[in-house]
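Shown next, in structure tokens, is the structure this report addresses.
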Amino acid sequence: MAHSLRSNSSGRKTMNQIKRRERLLIGILVVVIMIGALALIRSQPWGRLDLRLIKPNTPNWIVCVRLNEDAHGDIVVILPDGQMRMLTEDAFDDRSPDWAPDGKKIVFSSNRRDLVYQLWTIDPDGKGLSQLTIGGGAKLAPYYDRDGQHILHVAQGLVTEVDVKGVHSLQLIPSASQMTQVREQYGQITFRYAKRPNHDLIAAVQRIDDGEQVVLQDMTKAQQQFTLPVLIGGEQVDLDWSPTGQSLVVSGAGLVIPTPDGEQRMGGVIRFDFGDGMNDVKPLPLWLSSDNSQAAIEVVWSPDGARVAFVLCEQLKNGELKRIGLATVPESGGAPTLIVEGEVFHPHWSPDGQHLVFAMGKPGDRQIYTVRIDGTNLKQRTQSGDYITPKWSPAR
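For any residue, its number in our numbering is found by taking its place in the sequence shown, counting from 1, and adding 20.
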């Protein structure tokens, strides 16, 4: 009898121990699940939880802006089969879309919150609209970094970065230590846009009294530099980095070019090769209009590095630019090849470097076109409306 009682007591203890272990394991499992869920939520911009495992694959998709009668923009994607998908369509102004390097996200600037331009992201299928930045002052001209981890943009006129989760923002040009000296040098500072091939070197287009200039920021020395090195200036300038990140191409109208007879203004395209940094920069003119009768704007470097494309312009006597076509020059230089004649805007390369997408037409009736780099296979991709800033998805 006593043996039976001891046996029952021992069995109950064993069962209780098993139940306690089960409860402990369940508790640990719940904690692990909660931690994982919290990490997933925090990994999304502004805590937005996106449980979709499969997102649209976007090879040959084109994003652009369609302007309405009030000149407010909506974000549109053009699919390979010619269908168009409105990602935004409302009373707000959406501008400057840019693809993430994997083609899974689009960032753009919009005044849809309190009529202040902030950065927003959206999936290419129109889902997942999310605000990325907050605070006063306009956030404009967003560009994804090549690693897809940060977005370079202009915030209140200054070059700034924000991580893709929208958590950390940092002013880059001028850096905090440069603000006083740079403001004393330039007064009010305003940049139009900036691009960088890596986190160490940034090139930006700065607006100045008599035009624009390209300035550089070496982030490894940003806390020691108290002035911004000026690469070149002109009446209007644009820039793009080579695929390797070792060279920068600048196009412009009325570029200030040093000659044996002193400085002269010429339209054209100049490549700058970087050796060991900003102290070792070698300029190579790819094409210059020696009589300043022509200009090059909106330059873009091909993904294979073989050539650059730009909008070729005629320099009118009143100082205005007349867009006359889409042109290319080899990366080693040469006479421009005009591949499309017309009033061209905002060219952008396909990922394979074999096609270009661009807008063409009079403002108010600009359509999206694609063309092969030899000028063949010109296709009109939109039929009505006013479209600007097309960009080919980098997805392959």
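Even for Gly, the Cβ is constructed at its ideal location relative to N, Cα and C.
Residues bridged to residue i (per DSSP)
i: E363; result: In the DSSP output, where bridge partners are listed per residue, E363 has none listed.
i: R115; result: S129
i: A224; result: A214, V235
i: I154; result: DSSP, once it has assigned bridges, lists no residue as partnering I154.
i: Q284; result: I277
i: E334; result: Q314, K342
i: Q400; result: Y389
Endpoints, beta strand (DSSP E) assigned at residue i
i: E318; result: 314 to 321
i: R203; result: That residue, R203, is in no beta strand (DSSP E); its alpha helix (DSSP H) goes 199 to 206.
i: I408; result: 406 to 412
i: M104; result: 104 to 106
i: G231; result: 231 to 238
i: S309; result: 301 to 309
i: K342; result: 341 to 350
i: I393; result: Per DSSP, I393 belongs to no beta strand (DSSP E) and is neither H nor E.
i: L275; result: 267 to 279
i: T141; result: 136 to 142
i: R86; result: 82 to 87
i: L376; result: 375 to 380
Residue environment, residue i, which counts as buried when at least 16 other CB atoms sit within 10 Å
i: L58; result: Residue placement at L58 is poorly supported in this model, since its pLDDT is 47, which falls under 50; the coordinates are not used for a value here.
i: K159; result: buried
i: Q106; result: Looking at the sequence shown, residue 106 is not Gln but Met. The residue is exposed, with fewer than 16 neighbouring Cβ atoms inside 10 Å.
i: E89; result: exposed
i: H188; result: exposed
i: T409; result: buried
i: G56; result: Bear in mind that the predicted position of G56 carries a pLDDT of just 48, short of 50, making it too unreliable to give a figure here.
i: A355; result: exposed
i: L398; result: exposed
i: A316; result: buried
i: T153; result: buried
i: P100; result: exposed
i: T390; result: buried
Own chain residues within Cβ distance below 6 Å of residue i, not counting five before or after
i: H170; result: E181, D183
i: E283; result: V276
Sequence-distant residues of its chain with Cβ nearer than 8 Å to residue i (five each side left out)
i: E109; result: D94
i: G123; result: N77, T78, P79, W81, P144, S413, P414, A415
Proximity test, residue i beta-carbon vs the ligand ZN heavy atom, cut-off 8 Å
i: A224; result: In the structure shown, the ligand ZN is absent, as is every other ligand, since no ligand is present at all.
Close beta carbons around residue i, own chain, < 7 Å, minus the five adjacent residues each side
i: T157; result: The question names Thr, but residue 157 in the sequence shown is Gly. Answer for G157: A175, Q176, listed in chain order.
i: K75; result: K124, D143
Ignoring anything shorter than 3 residues, give me the beta strand (DSSP E) runs that lie fully in the region 157 to 218, in order along the chain. Scanning the region 157 to 218 for uninterrupted beta strand (DSSP E) segments of 3 residues or longer gives 159 to 164, 170 to 175, 178 to 183, 189 to 193, 210 to 215, listed from N- to C-terminal end.
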